[in-house]
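Following: one structure in structure tokens, then a few remarks.
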Amino acid sequence: MNAIIGLWRSTIGKKIAMSLTGLLLVGFLISHMISNVLVFVDGASLDLYGAWLRGFGPLLWIPRLILLGAVVIHIAAAYQLSALARAGRGGSYRDHDRPASTYASRTMRWGGVLILVFIIFHILHYTVGIIHPDFRVGEVGRNLVRGMESKPVALFYLVSMIALGAHFLHGIWSVFQTLGINHPTWNRWRRGIAIGLTVLVAGGFASIPAAALLGWLR
Amino acid sequence: MSTMRLTLKVWRQASPEAKGEFRTYPVEADEHMSFLEMLDVVNEGLIAAGEEPIAFDHDCREGICGSCGMMINGKAHGPRAATTACQLHMRSFKDGDHILIEPFRASAFPVIRDLVVDRSSFDRIIQAGGYVSVGTGAAPDGNAILVPKEMAERAMDAAQCIGCGACVAACPNASAMLFTAAKVSHLAMLPQGQPERHRRVLGMVEQMDSEGFGGCTNFAECEAACPKQISIENIARMNRDFLKASLREREETGAGAVSN
Amino acid sequence: MTGAPDVPMQLDDRIPDGPLAEKWDRHRSALRLVSPANKRKYHVIVVGSGLAGASAAASLAELGYNVSCFCFQDSPRRAHSIAAQGGINAAKNYQNDGDSVERLFRDTIKGGDFRSREGNVYRLSQVSADIIDQCVAQGVPFAREYGGLLANRSFGGAQVSRTFYARGQTGQQLLIGAYQALERQIARGAVQMYTRHEMLDLVVIDGRARGIVVRDMVTGAIESHAGHDVVLATGGYGNVFYLSTNAKGCNVTAAFRAWKRGAGFANPSFTQIHPTCIPVSGEYQSKLTLMSESLRNDGRVWVPLKQDDTRLPRDIPDAERDYFLERKYPSFGNLAPRDIASRAAKEACDEGRGVGRGGLGVYLDFATAISRLGEDVIRERYANLFEMYERITGENPYQTPMRIYPAVHYTMGGTWVDYNLMSTLPGLHVIGEANFSDHGANRLGASALMQGLADGYFVLPYTIGDYIAGTKFAEVDTSHSAFAEAEQQVRDRTARLLAINGSRSVDSFHKELGKLMWDHCGMARSREGLELALRRIPELRAEFWADVRVLGSADTLNQSLEKAGRVADFMEFAELMCRDALEREESCGGHFRVEYQTPDGEALRNDDEFAHVAVWEYRGEGVPAKRNVEQLEFEFVQLATRSYK
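Respectively, the protein sequence lines represent chains L, G and X. For reference, each letter of the first sequence is one residue, going 9 to 226 in the working numbering. For reference, each letter of the second sequence is one residue, going 68 to 327 in the working numbering. For reference, each letter of the third sequence is one residue, going 27 to 671 in the working numbering.
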């Protein structure tokens, strides 16, 4: 236990915590995305999936709490690291050229905030259903399609998925670096895996609001 | 020989407590001058005009002592890759250029005067474990320790660090991870460094954090700014070692403790 | 005759009796010891944190002494040892090419042109092997063979491969090793480190060195530190020439202040001019950059046969080139020792055959090596040096030959020390480049690092104990009036420099002094030139004290003030150098007097009259320094004409 506390106290430990929680969330998102694109098969398949999940009853709270914990740890570490970075930088430069960092890496913090806002909205929208125009328990496919009928909502989903993509791109590459996976022979795979997962997950999710906006979702 | 007219905007700050400001100085430079020689010329002009010369750290002027370092147009050590300010030559600029010169800024590098900053935090990081505990006279024959050529070369890649602080200056988080990782890696890649490998990384990281540097968020600006081109591969190695060491550390050993 | 009563300076070299190979072991065994319990009570002040200072401070702290270490840089890791490129010699004979302690000893004595002490040099060769072991154990990443063994190369002037190296950054890696050892002792609390502190005076009480006065370069505070022994590891004085390969901060002040307090100064005119430096490019030049001598292993030195040949080097056919080192010194060729190679380059340029801006340069050409070995091999050996050259000159040495010219690099002269590395002032030990002991009139390549570390790791830690154990120390702390007096002198001098407010910058005076010294006390010296310099230096000094402009105040970081103090000392020290050069009426090693040369222009030594060390003694302000003599005895080596033909 002391080792864990010791790790958390260090900046490297916080990054490791972000990496591990990030990986867990990536794993969840992959499964979530795969189940979501069932909407392109038909609404009924999604309903079946939803029914299967609800079948677990209160047990469903175990993964939910784990995910919630991961999000909390991820955000807490991010918040603390940002504060340390601000304190560490002290004054700011008149001119600070940053040739090496990518757009994705520089937008991690604000992108993360946007994703948080999105998650809250998303849960209220499709899980709790209180900001849904016509939420019906059990009719997952229908809820999804109806929820996307509002163009501003679909657009918000799309923008959020772009932010998620940027977050993924730097985050996944960063996981390798933070967990010490860096070897010149294999390094090109790190970028490749980051891009691949980004396209798969963010692209997969984004396909739904995009289809809605194009009027292909029925 | 080509002469160029330049306009410098230089950070002037009389003391650690004083509020600094940018001042503008015109200068005529020769393309074969080093950047610091160009500042010498500015200073000669300032002395003649009765203004105190610009203070900046410098010593060897051949890119190895690590004394010099300043932000030149937003870049640590200026525009040329793998080059310290003292080895930067004016042929990297052109007639009419405006050049903005600022000190390295980080809470752990407080400004002493003008472009001179206090980097003693780096020494304290080394004190926290950046060595092999071997007293004078206790060494076995040099060839008793075999080091594969490739490992020696990679250790050397990391050991080349000159401790200038450009990594901290360039990092948006003012993180000292590249500096610390270079020393951790240098010793971690050699057989001589193994006995203290875990204790070293724990001690050095703890000290690094306590000095008030920010954490690493993998921007990789440090690697781009490093005049010795030290790779962030070393940071990954340090992360790995730190994780292993943290999980294996037994409470009674106490990380970072120093003995003779 | 005025000044102090005429008591001759005590110059006992304390070389132990007995066979050469046994001297050090016997001596070491006979040295008195300080009991481990008592070491903590003795405070040793180490000034300087280069190879010698850092290794000494760390080793003394390991032994248990209470050590304070001072450096003017912002970190001990920045000392100029860090810039040494080529390597470090050691008589390991790992290459099975016939090297031995004996051979390294003979090479060093011969290389020094028979102006060094046999006993010291033999000891240096003996401990050389231990240095490599120590550094390897510290984690110095020396170059390795594929089998994991240490690699060696041959280095300027040596016919065996005994040089250990870490790319072109050997000095850096060795210094980092010593620095890490030092930082470890700082962490333990065994060494108190004072960075950005400059020693401005030595305090002598009852005839013993008992402390120093320093200036905190950040706050300007003048502080005293008392101790039982003071160790100067303050490097060389090459910056008297303004342009040299030394770091900008290198200075003679600590050694010169010690001289004024009674420590004899030996052979100040013995300076080494390094043959392979990047030529001066203009008036603004602030320092010269050395290109490692190892380049001469594969580079060929040449100039055009014709005078004022302005063709590009690639347009000059082989038949119209003069590979002058290969021509003059067929057996050593491009690897001729530093002094010889430097003088040959100067001669070629004096004949109007120099190349580049101002005609002060010769080519160092890698075309032959590249065609023989391929560019990759050359790149592997010298990539960082080639890059450095390209950064500075804007020219690509893979395609066009480098231009090089000699530059002041190292000073063999220094504070006189005995076999125990103690100066004529009891309690003042002097190590590394700051002392004079081992290199005679010329230092071999890769031997500076060896000597600095030998002194710091393996000699001083033994010999200092002998002094401490054998001395009854009076209780002294910084409240002693001698400290107050010294502090006041330092303050007065600082105030005086700030009050002049004349019209010329410190640098302009330094440049003028440097030019004067380079012209008359540089690679070739003549009576006429030296006398001219000796007339001009006092005038220049007077101008300095009347017209220098030092702005700002004494109680902040003030780099002009720091420089002014150093240049003021150079202004006096330069005179000592010229006098030494004038009175040594022979040519030896780096000291070449044009009056003393063979018909074909080689140095002509005068062993009958000058096989000695000249030790200069301070006799008071305005009184000429006195030249004392330590006769050199050669029991084991035959004095011979140094020939590299």
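No residue lacks a Cβ here, since even glycine has one placed at the ideal position from N, Cα and C. Just so we're clear, the structure is a prediction, and the values are computed from it rather than from any experiment.
Worksheet item: How big is the Cα-Cα spacing for residue 343 of chain X and residue 378 of chain X?
Response: 19 Å
Worksheet item: alpha helix (DSSP H) containing residue 209 of chain L: first to last residue?
Response: 195-221
Item to complete: For residue 47 of chain G, name the three-state secondary structure that DSSP assigns.
Response: Examination of residue 47 of chain G is not possible in this model, given that chain G is present from 68 through 327 alone.
Practice prompt. Determine, using beta carbons only, whether residue 239 of chain G comes closer than 9 Å to chain L.
Written response: yes
Discussion item. Looking at residue 174 of chain G: is its Cβ nearer than 9 Å to the Cβ of residue 224 of chain G?
Written reply: no
Practice prompt. Following the continuous alpha helix (DSSP H) through residue 20 of chain L, name the residue where it begins and the one where it ends.
Written response: 19-44
Discussion item. Going by DSSP in three states, residue 178 of chain L sits in which element: helix, strand or coil?
Written reply: helix
Discussion item. Please state the DSSP three-state secondary structure of residue 327 of chain G.
Written reply: In this prediction, residue 327 of chain G scores a pLDDT of 44, lower than 50, which makes its location untrustworthy; the coordinate-derived value is nonetheless stated afterwards. Of the three classes helix, strand and coil, the one that applies to residue 327 of chain G here is coil, per DSSP.
Worksheet entry | Distance, residue 77 of chain X Cα to residue 327 of chain G Cα | The predicted position of residue 327 of chain G is uncertain, since its pLDDT is 44 and thus under 50; a value taken from the coordinates is nonetheless stated next. If I take the Cα positions, the gap works out to 21 Å.
Item to complete: Count the other CB atoms, across all protein chains shown, that sit within 10 Å of the CB of residue 120 of chain X; report buried if there are 16 or more and exposed otherwise.
Response: buried
Worksheet entry | Residues within the region 152-166 of chain L neighbouring chain G, beta-carbon criterion of under 7 Å | none
Item to complete: Pull up the distance between the alpha-carbon of residue 231 of chain G and that of residue 655 of chain X, whole angstroms please.
Response: 46 Å
Discussion item. Using the three-state DSSP reduction, which class does residue 10 of chain L fall into: helix, strand or coil?
Written reply: helix
Worksheet item: Looking at the structure shown, is residue 533 of chain X part of a helix, part of a strand, or coil, going by DSSP?
Response: helix
Fill in: Chain-order list of residues whose beta-carbon lies under 7 Å from that of residue 83 of chain G (same chain, five-residue window excluded)
177, 178 and 179
Fill in: Residues of its chain near residue 224 of chain X, where Cβ-Cβ distance is below 7 Å and the 5 sequence neighbours each way are ignored
98, 240, 241, 243 and 588
Worksheet item: Just the Cα atoms here: how many angstroms apart are residue 69 of chain X and residue 511 of chain X?
Response: 22 Å
Worksheet item: Quick one: what does DSSP say residue 322 of chain G is sitting in, helix, strand or coil?
Response: Below a pLDDT of 50, predicted positions are generally treated as unreliable, and residue 322 of chain G, at 46, falls in that range; the measurement from the model is reported next regardless. If DSSP states are grouped into helix, strand and coil, residue 322 of chain G belongs with coil.
Discussion item. Can you look up residue 187 of chain X in the DSSP assignment and give me helix, strand or coil?
Written reply: coil
Worksheet entry | Neighbouring residues, chain L, relative to residue 276 of chain G (Cβ below 9 Å) | 17, 18, 19, 20 and 92
Discussion item. Within 9 Å of any Cβ in chain L, is that where the Cβ of residue 313 of chain G sits?
Written reply: yes
Worksheet item: Taking the continuous alpha helix (DSSP H) assigned at residue 432 of chain X, which residues delimit it?
Response: No alpha helix (DSSP H) contains residue 432 of chain X, which is instead part of the beta strand (DSSP E) from 428-437.
Practice prompt. Note down, one range per segment and in chain order, each beta strand (DSSP E) of at least 3 residues found wholly within the region 389-464 of chain X.
Written response: 428-437 and 454-456
Item to complete: Please name the residue in L:179, L:72 and L:27 whose C-alpha comes closest to that of residue 115 of chain L.
Response: L:179
Practice prompt. Closer than 9 Å by beta-carbon distance: list the chain G residues that pair up with residue 414 of chain X, in chain order.
Written response: 129, 130 and 154
Discussion item. If we define contact as Cβ-Cβ less than 9 Å, is residue 75 of chain G a contact residue for chain X?
Written reply: no
Worksheet item: Helix, strand or coil: which one does DSSP assign to residue 375 of chain X?
Response: helix
Worksheet item: Is it right to say residue 52 of chain L is buried, meaning 16 or more other beta carbons lie within 10 angstroms of its own, or is it exposed?
Response: exposed
Item to complete: Name the one or two DSSP bridge partners that residue 601 of chain X has.
Response: BP columns for residue 601 of chain X are empty, so no partner.
Item to complete: Taking only beta-carbon positions, decide if residue 275 of chain X is within less than 9 Å of chain G.
Response: yes
Worksheet entry | residue 44 of chain L to residue 89 of chain L span [Cα, whole Å] | 33 Å
Fill in: Among X:664, X:652 and X:404, the one whose alpha carbon lies nearest that of residue 35 of chain X
X:652
Worksheet entry | Supposed close pair residue 458 of chain X, residue 79 of chain X - CB separation, criterion 8 Å | 7 Å
Worksheet item: Starting from residue 69 of chain X and walking both ways along the beta strand (DSSP E), at which residues does that stretch end?
Response: 69-73
Worksheet entry | Range covered by the alpha helix (DSSP H) that runs through residue 127 of chain X | 127-137
Discussion item. Taking CB distances under 9 Å as the criterion, tell me whether residue 160 of chain X reaches chain G.
Written reply: yes
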